[in-house]
Each structure stands twice: as structure tokens, then as C-alpha cells.
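Below: the structure, in C-alpha cells.
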């Protein structure tokens, strides 16, 4: 009998699934880039025909913007004004995320309480807050604050706490002359305490005796803070170190900074590709790479090269500074880095005038931390106003912060409730059988398991809170959106300002997502 061997015919390209898959993706990518290029070209053409300029000179030029609150109420350039708006936005977003998490967790637990009053109060809160539009709530809190008593000449003086229709003033503790050197002692104590706590935990696991790692950690940090309170002047020599670094940075050629950025991008992409291949390594060698795996590798490499090229292209752009001279972006980067080390040098030297001039921080003379009370003073026209002492929460900040925090906390409460209910009921019954109180088994058994379920949807609420801060425009809060609108009116540069908005919110959202995903991976159960 003759055995016939059928030759394996190669699949034609038009029927090859891999080729078709890559061709479709490249076609879609090319179409998106072409549409984007067409839109940009058409926008520039429309700007030219309408005599509307498009550029970035406003970033370094005085814009005449005056803000109601922030690290600098009279910024000298568009970039400085946007920086004030960014800081104000982050103030609401970061503090709101922490407050909404704590409040939402407490309300979510209260929703499951067997106490009828506590349960119904939590239910009414959730159902009421969730079903009222956020903008309406922000207007409500603003209107409520405006109805408070006005400041008068009789209110002049210092207070521990003062309420008026111009805001809420609190006494507080603020950075003093030696706050940064003292902070170095605290940071060192934190890491030393962390190391000691790990050793005490290992001792507890080996011997079965209490290790009290948390107490050791807290005690070391407290001791470091006490030592630093008196010993912070000893770090004054660091002023000369940072001053030397500032001089070194100022002496570098501008081209060095695009080179550093390009090398960092290429090395970073190579490091990611190497780790990706190592994750696919098996005892028999590398596992089979799928099309998506190769796409990730190629995308990482192309991204690194693209960033490296853009570093040189963007670094060569020229901008006119506030002083009237022209500098490239690379030179401006050098100036910013040099000024940062100059600020560190002034902080360790205790030069208050330099710190205030370069950062607009209200640094007070005295020890590392200074207690300051709010005060009411009369301005030149005899108008009572809060002085720049103490902590003053303005009405716009109060309205936007309270609105987004309470609104987000209502959704977080439902997420927490669902996460707790998702934990098997046997866990609660076992804890009760062992004599655990409700607070103990919630803190030690239920919530650690529930947060594995809670964290991903909670991350979405964090993103919503961060983006909802843009509603501060409705109550004249000087966030990045409100500042951007003011710059638009002053300069007419609408499209560049919108680009800055988009870049900022994308960056903030990706940062929040990265942090949440990191903790989500840390809390995942590791299967054997």
C-alpha cells in the first residue's frame, strides 16, 4: 500500500487570522490618527480665518488674573494661575476622598445595624443624597453658608473659631521655621519604626509572645519627632548641599534634560519589556506568546521611543517668560529644578523671606510647628475681613467640598454594605461563637475580606469625586476649570486651555486608578 503524505499548505494572508487581526487594528489606529490630524488642521484653519491665535505664550505672560483663594491670589503668569487652580482642585479631591471613604464606610455599616434608629437614619441619608442632583446640593450648601452672620467692625480680634458669611475660621498648627528639617527626623523615625515593627512581628510569630509592633512603631516615630523638635538646627548644613546642587543644575546645558527624559523613557520601556518576558518564563523556557502579548511588547517599545523623540521636539520650543526674555522648554525645566533645590536650601537655612517669595507659603517664625489663631482685621476701606492667620475655609470651598463628599459617601456606603453582605454569613457566626464583639469581628474579620470586593467599585467613586470637583465653577471656587475660564476671557486662548484641562484630569484619573489597582493587587488572595 502506498502512503500519501499531504503537504501542509500555508494559509493565505487574506485568510490568516493573525494577519487580519493586526491589519484591522493598524487600520483603525491609522484612521483615528488621520481623523485627529484632519480635525487639528481644520481647527487651525478656522482659527486663522477668524483671526484667533493659537499658542502657548500665555503660560509665561502676565494674564491679569486675580483669584479669591489659593497659594497665590495674584499669579504673575498663566502657568502660575493654572498651578493655583490645580492645587485648589487637589485640595478638594484628596481631602474629599479620605472623608468620603470614612463617612461612607460608617454609613454602610450603620445601614446593617440592628438598631432601628441607626439603620433608618443611614437609609434616609443614602436615599436622599443619592437622588438629589449634585449641583443642586452644592448650591444648597453655598446658599446656607451665605445666610450666616456678616463680619462687622465689632468682630475685629483673634478667635479660636469664627463663623461668618465669608467662611469658617479655625485655629490650627502650621509649618514653622524649621518644619522641613524636623520632618526629616519624623520620616527617618517612620522607616526605622517600620523595620522594628517587622522584627517584632517575626518575634511574635517565632515565640508566640506579644510583639507589640504597632506600639514600637508609634513610639519610635514619636521619639524621633521629639528629638527633631530640638535637633532640627543640626541639619542646617544641608542648606549648603542643596545650594551646591542648585548651582550644579543651573550650570548644566539645557540639552541635558531632554536627554535624561529620553533615556528614562527608553530604559523604562526596556525594563517593562524585560519583566513582561520574565513573567512568561516557565521551567521549560518561555511560554507561547499570544498576539495580544506581542502587541503589548511592541506598544511599550514604540511608546518609549515616542516619548524620547517628543522630549527633544518639545524641549526645543521657545516661550516668552514673565521677565520678557525667551527661553526654550528645556531651559525652563532647568530653571524649575534649580528653583526647587534653591527652595530646599532656603528651608534648611531658615530663610523665611526666600521661602515665602518662591512658594507663597505662609511660613511662620518659631519652631517646626506653630499654633496660629484666626483674626478679623479691617482693610484699608474699613471692610472687615479674615487675616492670613489660622485656617480659613471659604464659602466656595465649603460648598463644593461638602457637596462632593456627602454625595460620594452615599454611593460608597452602598458599596460597603454590598461588600459586607457578600462575605459568607458563617464568618460572622463563627466570630460571634468565639466571643468577638460586633466592632471586633467587623474590624478584624469581616471588613478585611469585604474590602477585596469593595475596592474596585470604590475606585470608580474616587474618579467620580475627582471629576465632580469641576462643578466648583458654579459657586466661584477657583479650581482649574474656573481659572481656565478666566484665562480664556483674558487671552482668548480657548483650545489650549481645554487641552490643559483634559491633560490634567486624565493624569489625575490615571493616578487614582493606578493607586487603587496597586492596593487591589496587594489585597488579592494568593492561591497556591
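In the numbering used here, the protein residues as written are 62 to 589.
All residues carry an ideal CB built from backbone N, CA and C; glycine is no exception.
Element boundaries [beta strand (DSSP E), containing residue 220]:
Looking at the DSSP string, residue 220 is not in any beta strand (DSSP E), and its letter there is neither H nor E.
Scan the region 175-219 and note each continuous alpha helix (DSSP H) run of 4 residues or more that stays entirely inside, going in chain order.
Within the region 175-219, the complete alpha helix (DSSP H) segments at least 4 residues long are 177-191 and 195-207, listed from N- to C-terminus.
What are the boundary residues of the beta strand (DSSP E) that residue 591 is part of?
Because the chain is modelled from 62 through 589, residue 591 falls outside the range shown and cannot be assessed.
Between the region 451-466 and the region 149-168, do three or more beta carbon pairs fall short of 8 Å?
yes
Can you tell me which of the three DSSP states residue 387 falls into?
strand
Over the uninterrupted beta strand (DSSP E) stretch that includes residue 316, give me the two end residues.
For residue 316, there is no enclosing beta strand (DSSP E), as DSSP marks it with neither H nor E.
Check the DSSP bridge columns for residue 447 and list the partner residues they point to.
437
Through-space distance from residue 148 to residue 289, alpha-carbon basis:
29 Å
Compare the Cα-Cα distances from residue 166 to each of 134, 473, 176 and 451 and report the closest residue.
Residue 473 is the option with its Cα nearest to residue 166.
Just to confirm, are residue 310 and residue 395 a CB contact at a threshold of 8 Å?
yes
Tell whether a beta-carbon distance below 8 Å holds between residue 492 and residue 515.
no
Relative to the C-alpha of residue 146, which residue among 544, 436 and 467 is closest?
544
Consult DSSP for residue 431 and reduce its assignment to one of helix, strand or coil.
strand
Residue 317 to residue 367 span [Cα, whole Å]
18 Å
With a CB to CB cut of under 7 Å and the five nearest residues on each side skipped, what residues in its chain are close to residue 418?
In this prediction, residue 418 has a pLDDT of 46, which is less than 50 and means its spatial position is unreliable; what the coordinates show is noted afterwards. Answer for residue 418: no residue qualifies.
Proximity of residue 539 and residue 129 at Cβ, strictly below 8 Å
yes
With a CB to CB cut of under 6 Å and the five nearest residues on each side skipped, what residues in its chain are close to residue 534?
542 and 543
Can you say whether residue 332 is buried or exposed, counting buried as having 16 or more other CB atoms within 10 angstroms of its CB?
exposed
Which residue or residues does DSSP assign as beta-bridge partners of residue 233?
433
Residue 263 versus residue 152 - alpha carbon distance:
Approximately 39 Å, taken between the alpha carbons.
So, are the CB atoms of residue 170 and residue 477 less than 8 Å apart?
yes
So what does DSSP say about residue 228, is it helix, strand or coil?
strand
What are the residues that DSSP puts in a beta bridge with residue 454?
In the DSSP secondary-structure assignment, residue 454 is bridged to 229.
Bridge partner(s) assigned by DSSP for residue 379
The partner list for residue 379 (beta bridge, DSSP) reads 389.
Give the straight-line distance between the Cα atoms of residue 143 and residue 126, rounded to the nearest whole angstrom.
10 Å
From the DSSP output, in three-state form, read off residue 422 for me.
Confidence at residue 422 is low in this model, with a pLDDT of 46, below 50, so its placement is unreliable and no value can be given for it.
Residue 583 lies in the alpha helix (DSSP H); which residues open and close that run?
555-584
Just to confirm my understanding: we take residue 253, look at its own chain, exclude 5 residues before and 5 after, and list those with CB closer than 6 Å. What are they?
Around residue 253: 281.
Closest to residue 436 by C-alpha separation, out of 450, 94, 99 and 512, would be which residue?
450
State buried or exposed for residue 414, treating a residue as buried only when at least 16 other CB atoms are found within 10 Å of its CB.
Residue confidence for residue 414 is low, a pLDDT of 49 falling below 50, so the modelled location carries little weight; the figure read from the coordinates is stated next. Exposed, by the Cβ-count rule.
If we ignore side chains and look at the alpha-carbon of each, how far apart do residue 206 and residue 442 end up?
24 Å
CA nearest to the CA of residue 503, picked from 480, 524 and 292:
Proximity to residue 503 across 480, 524 and 292 peaks at 480, based on C-alpha coordinates.
Taking the continuous alpha helix (DSSP H) assigned at residue 517, which residues delimit it?
508-529
Among the residues of its own chain, which have a CB less than 6 Å from the CB of residue 446, if the five just before and after it don't count?
440
Element boundaries [alpha helix (DSSP H), containing residue 150]:
139-172
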